[in-house]
Amino acid sequence: MTQAGTSDEPLAAPREVTAPAPARASGWDWSDPTVLLVEDDPGDALLVEELVADCHPPMSLRHASSLAEATALLADLRPDCVLLDLHLPDAQGLDALTVIQDSAETIAVVVLTGQSEEEIGLAAMAAGAQDYLVKGHVDAEWLGRAVRYAMQRKEAERSAVALHASQLLAQENARLERGLLPKPLIGTTHALEVVSRYQPGRAQALLGGDFYDVIQLSDGTVEVLIGDVSGHGPDEAALGVALRIAWRTLVLSGIPADQRVGRLEQILIAERPAEHTFATLTCVTMLPDRQRVRVVRAGHPGLMVRTADSLELIEVSGGPAIGILPDSEWEAAELVMPGAPWGLVLFTDGLFEGRTDLAGNRLGEDGLLTVGRELTAASSEDFVDSLVEHAQRFSEGYGGLEDDLALLHLRWHEGTEARR
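One point on numbering: in the numbering used here, the residue at position 343 of the sequence shown is 592, and numbering is uninterrupted.
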């Protein structure tokens, strides 16, 4: 919109125009935005400067007369919005928009078009500009509103892109975590019933620092692991997975049970995120005669033995948690199981460490045992679900169950034969 009597020579240097600061509209998100005008025509540039001087709320304006000068300014100025003429000495049409977007992809762009070029303004918006203005048809109020709306649209676009990326990452993490959850290896005879519950302490997580696994060997022996890495973060969850997979490898490789805990400690020390990280665990071997169980305990809570009319908490002797006193020894204790059909219940401390009153008292293993004894007649599924539900209900008014939680219930199906 070159006016009669104006010169086509570019301005000698960028100039800054700041309108006086009137009372700001309440609730406005962007105050005193900085706008970069990219315009080679001095007359058009002067008219924009005058409009900016009349804008309320105020804006700060910088002027560049070429695309090269604009890209140099963008690196230091970081304006909130660019007013871009599409006919510059060193770029024409949408090429100028592409260069600006490549130089400052997070900055809003409003293109300036001639009276007969509205189509190119629409094309610019399709190419990523937030708005366009027709030269000669703009007043101060319209300009100010267009700039701020463009900034708002750009912020909304950035938020949408960030949200989409976050959702994709969350979906990827969920698939990864779901794939790392244990899948017990048990025989095809369906003689063994395994019921598990797993609840990470971290919000919106699928995997925590607690871990478990079950493997049934070809001779009918069942190997069981349950453990708890200190802490609740993703590093602890990754370490728990590493320990579980290492234990599975040791079992399937035929490493004797009394050597596995020491090997796991070596792996923990090599992989742990901090020197103070440790893990508690219990390893159980259910012998194929179904009359004996061997237990190796490393600083972990006890286990429960369940029959149709009883529930007992068993705490065998053991050693420290792995990672606390390196090179410790852990001996196996052998339990003779009841003659009646029985099951084993293994759990981590997240099940009973929830606070149950304002004094900070916790449910504890004795409280958990009391709850469990009221459920002895329940099926395995109902038993573990009710145990978790009761623990949650006792603590829900005092912070809830904040720690990771793992719970295993194992029993032989009645009517299936033991191996001798």
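For glycine and all other residues, C-beta sits at the position ideal for the given N, C-alpha and C.
Excluding five sequence neighbours on each side, which residues of the same chain lie with their C-beta closer than 6 Å to the C-beta of L706?
The shown model of the chain, from 250 to 669, leaves out residue 706, and the question about it has no answer.
Cβ pair count under 8 Å reaching 3, the stretch 543-558 against the stretch 516-525:
Short answer: they don't touch.
Would you mind working out which of I356, L456, G342 sits nearest T362, comparing C-alpha positions?
G342
Can you check DSSP and say which residues form a bridge with M400?
Bridge partners of M400: none, in fact.
Residue(s) in a DSSP beta bridge with G548:
L530.
Closest by C-alpha distance to I571, when choosing among A589, H549, L441, E614
H549
Is it right to say K432 is buried, meaning 16 or more other beta carbons lie within 10 angstroms of its own, or is it exposed?
exposed
Based on Cα-Cα distance, which residue from S644, E354, L335 lies nearest to V360?
L335
Since L316 and V287 are thought to touch, with beta carbons under 8 Å apart, how far apart are those beta carbons, to the nearest angstrom?
7 Å
Do L430 and L392 have their C-beta atoms closer together than 8 Å?
Cβ distance not < 8 Å, so L430 and L392 don't count as in contact.
Should the stretch 293-307 be called in touch with the stretch 388-405, which here means at least 3 C-beta pairs below 8 Å?
yes
Of the residues D293, P291, D303, L323, which one's Cα is nearest the Cα of L285?
L323
Could you check whether the stretch 577-590 touches the stretch 611-620, counting it as contact only if at least three pairs of C-beta atoms, one from each stretch, sit closer than 8 Å?
Too few Cβ pairs lie closer than 8 Å, so no.
When the Cβ atoms of the stretch 595-605 are set against those of the stretch 648-655, are three or more pairs found closer than 8 Å?
yes
Own chain residues within Cβ distance below 6 Å of D459, not counting five before or after
D477, T597, D653, A655
Can you find the residues in the same chain that come closer than 6 Å, C-beta to C-beta, to Y647, ignoring five residues on each side of it along the sequence?
R604
Who pairs with L430 in a beta bridge, going by DSSP?
In the DSSP output, where bridge partners are listed per residue, L430 has none listed.
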